[in-house]
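Written out below as structure tokens is the structure these notes cover.
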Amino acid sequence: MSASEYERTPGIGDSVRHPEIGERLKRLWESEPGLRGWLTTVDHKKIGLRYIVTAFAFLVIGGIEALIFRLQLSWPNRHVLTPEQYDQLFSTHGMTMIFLYALPILSGFSNYLWPLVLGARDMALPRLNALSYWIYLFSGIFLYAAFIAGFGPNDGWFNYVPYAARAFNGGPNIDFYSLGMVLFGMSTTVGAINFVVTFLRMRAPGMSINRVPMITWGTVTANAGNLFAVPSVSLAFFMLWLDRNAGTHFFDVPGGGQPLLWQHLFWMFGHPWVYAIVLPAMGMVSEALPVFCRRPLVGYTAVALATVATMVLGFGVWVHHMFATGLPPIALSFFSAASIIIVVPSAVGVFAWIATIWLGKPVFATPFLFFAGFILLFTMGGVSGYMTGSLPVDWQLTDTYFVVAHLHYVLIGINVFPVVGATYYWFPKFTGKLMDERLGRWNFWTMFLGFNLGFFPMHVSGLLGMPRRIYTYADGMGWDWLNLITTVGGFVFATGVLLFLINVVISHRRGRPAGDNPWDSPSLEWATTSPPPPYNFAVIPTVASRYPLWEDRMPRSVRESATEAGLVLDHGREAVGTGPLDAQPDIILKMPSDTIVPFVLALMLTVLFVGLVLHWWWLAVLGLLGTGAAALVWLWPRAELGETAEAKSG
Amino acid sequence: MRLPRALGGWGVAITGLAGDARASQPLNYLVSHGLQNDVTLPLTKALIAVSLTVVLIIGLLIVAAILRRPGLQPVAGARLEVGPEGGGLSWIWIGVGLSSLVLLASIAWTVAVLGQTVHPPSKPKTRIEVTAHQWWWEVRYVDENPALDFATADEIHIPAGEPVAFKLIGGDVIHSFWVPLLGGKTDLIPGLTNESWLQADTPGTYRGQCAEYCGAQHAHMAFLVVAQSPQDFRRWRDSQLQSPAAPQGEAAQGAQLFTMHCGSCHSVRGTDAGGVLGPDLSHLMQRQSLAAATLPNDPAHLSQWVSDPQAIKPGAYMQKPELTAAELAAIRAYLGTLR
Amino acid sequence: MIFVVFTEGALFAYLLFSYYYLAVQPHTPGSFPEGGPPEFTLAAPNTIILLLSSAAVAWAQFGIEHGSKWRLVWGLGAGTLLGIVFLAVQYFEWAEKKFSLPSSTYSALYFVVTGFHMAHVLLGVLMLAALTLWSALGYFNRFRYAHVHIGALYWHFVDVVWLAVFFTFYVTPHLGLSA
Numbered sequence: 005m006s007a008s009e010y011e012r013t014p015g016i017g018d019s020v021r022h023p024e025i026g027e028r029l030k031r032l033w034e035s036e037p038g039l040r041g042w043l044t045t046v047d048h049k050k051i052g053l054r055y056i057v058t059a060f061a062f063l064v065i066g067g068i069e070a071l072i073f074r075l076q077l078s079w080p081n082r083h084v085l086t087p088e089q090y091d092q093l094f095s096t097h098g099m100t101m102i103f104l105y106a107l108p109i110l111s112g113f114s115n116y117l118w119p120l121v122l123g124a125r126d127m128a129l130p131r132l133n134a135l136s137y138w139i140y141l142f143s144g145i146f147l148y149a150a151f152i153a154g155f156g157p158n159d160g161w162f163n164y165v166p167y168a169a170r171a172f173n174g175g176p177n178i179d180f181y182s183l184g185m186v187l188f189g190m191s192t193t194v195g196a197i198n199f200v201v202t203f204l205r206m207r208a209p210g211m212s213i214n215r216v217p218m219i220t221w222g223t224v225t226a227n228a229g230n231l232f233a234v235p236s237v238s239l240a241f242f243m244l245w246l247d248r249n250a251g252t253h254f255f256d257v258p259g260g261g262q263p264l265l266w267q268h269l270f271w272m273f274g275h276p277w278v279y280a281i282v283l284p285a286m287g288m289v290s291e292a293l294p295v296f297c298r299r300p301l302v303g304y305t306a307v308a309l310a311t312v313a314t315m316v317l318g319f320g321v322w323v324h325h326m327f328a329t330g331l332p333p334i335a336l337s338f339f340s341a342a343s344i345i346i347v348v349p350s351a352v353g354v355f356a357w358i359a360t361i362w363l364g365k366p367v368f369a370t371p372f373l374f375f376a377g378f379i380l381l382f383t384m385g386g387v388s389g390y391m392t393g394s395l396p397v398d399w400q401l402t403d404t405y406f407v408v409a410h411l412h413y414v415l416i417g418i419n420v421f422p423v424v425g426a427t428y429y430w431f432p433k434f435t436g437k438l439m440d441e442r443l444g445r446w447n448f449w450t451m452f453l454g455f456n457l458g459f460f461p462m463h464v465s466g467l468l469g470m471p472r473r474i475y476t477y478a479d480g481m482g483w484d485w486l487n488l489i490t491t492v493g494g495f496v497f498a499t500g501v502l503l504f505l506i507n508v509v510i511s512h513r514r515g516r517p518a519g520d521n522p523w524d525s526p527s528l529e530w531a532t533t534s535p536p537p538p539y540n541f542a543v544i545p546t547v548a549s550r551y552p553l554w555e556d557r558m559p560r561s562v563r564e565s566a567t568e569a570g571l572v573l574d575h576g577r578e579a580v581g582t583g584p585l586d587a588q589p590d591i592i593l594k595m596p597s598d599t600i601v602p603f604v605l606a607l608m609l610t611v612l613f614v615g616l617v618l619h620w621w622w623l624a625v626l627g628l629l630g631t632g633a634a635a636l637v638w639l640w641p642r643a644e645l646g647e648t649a650e651a652k653s654g
Numbered sequence: 233m234r235l236p237r238a239l240g241g242w243g244v245a246i247t248g249l250a251g252d253a254r255a256s257q258p259l260n261y262l263v264s265h266g267l268q269n270d271v272t273l274p275l276t277k278a279l280i281a282v283s284l285t286v287v288l289i290i291g292l293l294i295v296a297a298i299l300r301r302p303g304l305q306p307v308a309g310a311r312l313e314v315g316p317e318g319g320g321l322s323w324i325w326i327g328v329g330l331s332s333l334v335l336l337a338s339i340a341w342t343v344a345v346l347g348q349t350v351h352p353p354s355k356p357k358t359r360i361e362v363t364a365h366q367w368w369w370e371v372r373y374v375d376e377n378p379a380l381d382f383a384t385a386d387e388i389h390i391p392a393g394e395p396v397a398f399k400l401i402g403g404d405v406i407h408s409f410w411v412p413l414l415g416g417k418t419d420l421i422p423g424l425t426n427e428s429w430l431q432a433d434t435p436g437t438y439r440g441q442c443a444e445y446c447g448a449q450h451a452h453m454a455f456l457v458v459a460q461s462p463q464d465f466r467r468w469r470d471s472q473l474q475s476p477a478a479p480q481g482e483a484a485q486g487a488q489l490f491t492m493h494c495g496s497c498h499s500v501r502g503t504d505a506g507g508v509l510g511p512d513l514s515h516l517m518q519r520q521s522l523a524a525a526t527l528p529n530d531p532a533h534l535s536q537w538v539s540d541p542q543a544i545k546p547g548a549y550m551q552k553p554e555l556t557a558a559e560l561a562a563i564r565a566y567l568g569t570l571r
Numbered sequence: 678m679i680f681v682v683f684t685e686g687a688l689f690a691y692l693l694f695s696y697y698y699l700a701v702q703p704h705t706p707g708s709f710p711e712g713g714p715p716e717f718t719l720a721a722p723n724t725i726i727l728l729l730s731s732a733a734v735a736w737a738q739f740g741i742e743h744g745s746k747w748r749l750v751w752g753l754g755a756g757t758l759l760g761i762v763f764l765a766v767q768y769f770e771w772a773e774k775k776f777s778l779p780s781s782t783y784s785a786l787y788f789v790v791t792g793f794h795m796a797h798v799l800l801g802v803l804m805l806a807a808l809t810l811w812s813a814l815g816y817f818n819r820f821r822y823a824h825v826h827i828g829a830l831y832w833h834f835v836d837v838v839w840l841a842v843f844f845t846f847y848v849t850p851h852l853g854l855s856a
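Chains as they are written, first to last, in the working numbering: chain L, 5 to 654; chain B, 233 to 571; chain Z, 678 to 856.
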């Protein structure tokens with residue numbers, strides 16, 4: 005058995021001198037054309053782009069919702085919306101941005117980029133990758149179907165009980181939201197497992213733990229955190245659904261339940277989640293900003309450790325969302341101190357980025373503008389967070405527009421700005437074409453100025469006492485002009501986003517050809533063609549430093565990374581598994597081929613949830629059986645994946 | 233002209249130098265008229281100052297870092313020089329070190345302020361139970377002698393210059409009790425009873441507002457705190473213990489209609505109207521506002537409110553009454569006698 | 678699978694957090710646990726049954742590592758059967774309860790937490806059944822048994838979770854965490 009297919013020593017090949025390696029791999033890895041190929045593909049690049057497109061679609065929808073209710077709030081006592089319409093709109097806006105946009109967009113980039121930056125052929129678990137996307141898409145459709153039918157969530161994104169209980173919220177709104185969130189949580193969990201396993205097992209030979217690209221640190225930390233955070237909120241929503249539909253008493257007071265249990269469970273999830281939707285974006289900046297500073301990131305190790313530290317601390321500050329609930333002051337002061345201390349790891353990032361610009365030579369391309377703007381917005385969102393961390397001050401600030409300003413600086417400043425910058429940066433990799441620079445500058449300045457015009461005054465209206473989530477307000481509170489400015493700024497910002505989308509469409513049609521490495525970047529994704537072939541790399545690259553493509557020019561660098569010559573793995577779809585720390589190759593992995601099963605499983609799971617929410621029990625049973633059958637087919641041991649005894653010789 | 237006033241408002245917001253913010257910016261908590269906020273406000277302002285300074289410094293550093301040498305224009309595919317790895321760590325050490333000092337100082341100050349705000353400076357003599365309902369405030373004054381207990385709604389009178397204890401009860405969903413000019417918020421959570429206290433420095437009217445989203449009319453769930461000199465407060469308190477005078481003429485007819493149509497939700501002390509679902513109206517005419525501080529209390533607004541509450545607070549539990557105009561006028565006349 | 682175990686472990690941690698959180702709130706005497714601290718009559722033997730089934734699966738695992746296919750088949754088969762016995766006993770335990778899901782906060786916790794666990798046992802039993810079938814079909818040998826390892830890991834996890842559930846629901850009320 006020693007000559008096993010999985011422990012064989014693969015040949016070393018040179019992809020430049022032997023282009024036929026690529027030809028062979030293409031036949032092995034390419035998805036079928038047409039609808040069938042579209043539904044069955046497990047290619048991380050296709051799945052990644054789907055994530056990105058879907059998440060941007062939700063961003064646009066959520067943005068339009070915001071524009072509508074900003075019209076309502078632009079002046080006192082306006083009647084654009086009824087209170088019920090306003091409540092559903094602001095809740096759906098929050099749900100859309102925080103769940104359906106913020107994490108999926110980052111998962112999309114990571115999905116597309118990870119195997120490329122790690123020098124791998126695909127994610128570790130390609131079928132789970134497809135499953136995670138399909139569940140995400142179906143949960144989004146599930147939630148929006150309710151909204152379109154007039155049953156959108158109406159209790160804000162954090163959905164406090166008892167207002168979310170049947171007694172006060174009789175419609176099916178919260179049932180859809182609860183089950184939709186459980187379904188969405190499954191997508192997140194499945195995706196998180198895939199990222200963590202890929203990080204540990206799929207790195208190119210030689211890419212030891214201190215050489216992994218910065219972008220992966222943010223994503224792996226976020227997803228490891230999600231593994232422990234998401235069960236909390238899924239459980240909370242499930243218990244709420246039982247309270248509403250099976251008469252249990254977890255949260256309702258007359259039956260002996262506790263409304264605060266909801267808040268604990270929600271925020272034990274919610275605060276780590278906030279970090280999960282910004283850390284990967286910060287990783288993108290740490291990855292791409294140095295390219296435009298023509299030098300490596302300052303303090304690689306410090307920034308990587310700070311990323312992990314933020315997430316660990318992030319599990320210990322959830323109570324700062326509950327400062328006004330009357331918990332004992334001793335307990336609260338502990339959480340107050342922790343919430344202030346968590347600023348420290350963020351400061352590491354800020355100073356590392358500034359030092360990188362300071363010590364480098366900036367290249368004024370559009371991505372650079374977005375990343376530099378991000379540092380300022382990050383700081384602004386950070387200091388307002390620091391203010392709300394101080395307990396007695398937060399007793400005033402909490403639940404006012406100051407918090408609304410803070411969370412938008414965090415989510416737009418630390419998520420949307422890096423994401424748009426990252427799109428400019430990696431668009432050439434996705435499409436082989438450059439985005440338009442001139443339009444890019446207009447895009448940046450419109451977004452940056454519009455954003456600050458719209459959201460900075462919210463700090464002031466918050467300090468002037470404007471509470472969150474009011475559908476209208478009286479004249480004479482001192483908030484009129486501030487709100488008008490906010491609304492105008494919101495529309496300017498939206499125009500900036502529109503310019504971005506226009507640029508994407510135009511550049512996709514007739515952008516200038518980019519070449520393989522238009523920005524002269526150091527990481528492995530730029531060592532293959534743009535867009536990359538289905539198999540990513542003809543031969544598996546070998547890595548000897550953090551910046552393989554800069555080795556020939558970087559002072560005092562080793563020059564031992566290889567991208568043209570490397571392991572040839574072409575006995576079917578194959579990848580190399582490496583050790584978690586030192587990234588020494590230890591096994592040849594047989595990768596699964598395209599399959600419809602993830603799509604079917606996600607569909608059946610959704611059927612189950614539709615059955616549950618409509619109380620069509622026969623449909624739920626059908627969905628459950630279908631899910632089980634799909635899982636059985638999925639897991640049936642296969643010789644070609646090396647899972648059965650027959651597979652002993654290759 | 234409103235614009236200059238709004239700009240003035242910015243100045244007020246940042247400096248806290250209001251002429252009388254109670255009128256022009258009734259929820260502006262950068263102005264303090266209460267002991268809790270007196271203690272907290274310097275910390276709030278210090279944190280704002282630190283924040284603005286940090287943003288300014290970081291902003292300048294970013295601009296300086298970008299401009300300190302001529303930048304390059306992007307050229308697709310050009311191979312450019314690359315700087316060496318390493319270096320720049322002192323930025324992180326110094327930056328994080330300085331930040332940590334500021335953060336530790338903030339924690340120390342936070343804890344010090346907490347020590348002064350958690351408990352009132354002396355044992356409060358006035359005790360008030362506030363129960364929050366969708367979308368109004370039930371207010372009960374409790375005394376050691378239960379005969380001196382009474383109820384009112386949406387307007388809380390307190391003696392100025394001494395601490396007042398509040399027992400905060402969640403009536404239906406979660407609400408939050410907040411009088412920004414006097415102090416911070418505390419939630420009212422069903423199943424729990426929270427404690428809080430306030431002390432107004434001087435007599436005056438301070439606006440309060442529900443600060444936790446509680447449904448359709450969260451926006452219109454305000455109240456007033458009227459701080460009075462201890463003598464005035466005692467007088468007010470005694471007046472609340474009286475039953476209103478018996479109505480005459482049209483008002484007497486209105487009283488009957490009121491008991492019949494409104495009495496299952498509203499109470500008037502000393503009458504058959506004893507409902508507990510809505511606000512107690514015993515001394516309605518003593519109050520400055522109607523419908524949870526949504527409308528000024530004058531005959532025109534009272535008529536408007538009683539004849540069609542849903543036009544003003546859509547979704548509120550008080551329905552449009554099925555009464556003739558004459559009947560409504562009689563009820564309004566009766567309400568006008570509730571002093 | 679180890680990461681599935683992590684995230685599922687977190688799920689049960691949050692479930693038990695909810696139990697303890699609600700347990701320490703004030704209750705009218707005798708209402709938490711409803712009907713007084715639960716008896717060990719069925720639960721204690723059932724715990725032993727589940728532990729035995731884990732042992733059987735471990736025995737099967739070591740068997741296949743040494744190339745013993747009959748140990749694999751019989752061990753997995755025995756594990757499956759013991760799992761089914763556990764489920765049956767749990768069913769009787771449920772049927773005996775004088776309260777139902779909507780009775781009280783305690784009843785909700787009891788049925789939801791043990792129900793979550795039973796759902797995991799059921800899933801584990803299905804996995805073990807599939808593994809038994811695959812083993813009988815000769816799919817695995819001493820080099821190719823990753824599926825067995827993964828399924829067994831899940832089964833041991835379900836077992837460990839039961840110990841935490843058992844301790845929480847059956848032992849702590851006798852230690853004084855009751856009203």
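C-beta atoms are modelled at their ideal positions from N, C-alpha and C, and glycine is treated no differently.
Please report the distance separating the alpha-carbon of residue i from that of residue j.
i             : j             : result
residue 813/Z : residue 750/Z : 6 Å
residue 380/B : residue 359/B : 12 Å
residue 554/B : residue 80/L  : 30 Å
residue 407/B : residue 188/L : 29 Å
residue 1/L   : residue 285/B : Because chain L is modelled from 5 through 654, residue 1/L falls outside the range shown and cannot be assessed.
residue 454/L : residue 446/B : 31 Å
With a threshold of 8 Å between beta carbons, is residue i in contact with chain L?
i             : result
residue 821/Z : yes
residue 417/B : yes
residue 776/Z : no
Using a Cβ-Cβ cut-off of 8 Å, state whether residue i counts as contacting chain B.
i             : result
residue 400/L : yes
residue 654/L : For residue 654/L, the pLDDT reaches just 37, beneath the cut-off of 50, and the residue's location in the model is therefore unreliable, leaving the point undetermined.
The ligand ATP and residue i: does any heavy atom of the ligand fall closer than 7 Å to the residue's C-beta?
i             : result
residue 279/B : With respect to small molecules bound, the structure shown includes none, and the ligand ATP cannot be examined in it.
Would residue i count as contacting chain Z if we go by Cβ distances under 8 Å?
i             : result
residue 262/L : yes
residue 330/L : no
To be precise: take each residue of the region 515-533 of chain L, compare its Cβ to all Cβ atoms of chain B, and keep it if any distance is under 8 Å. Which residues remain? 516, 518, 519, 521, 522, 523, 524, 526
Take every Cβ of the region 225-242 of chain L, pair it with every Cβ of the region 262-278 of chain L, and state whether three or more of those distances are shorter than 8 Å. yes
Taking any Cβ of chain B, which residues in the region 414-426 of chain L have a Cβ under 8 Å from it, in chain order? none
What residues in the region 485-500 of chain B have a beta carbon less than 7 Å from any beta carbon of chain L? Answer in chain order: no residues at all.
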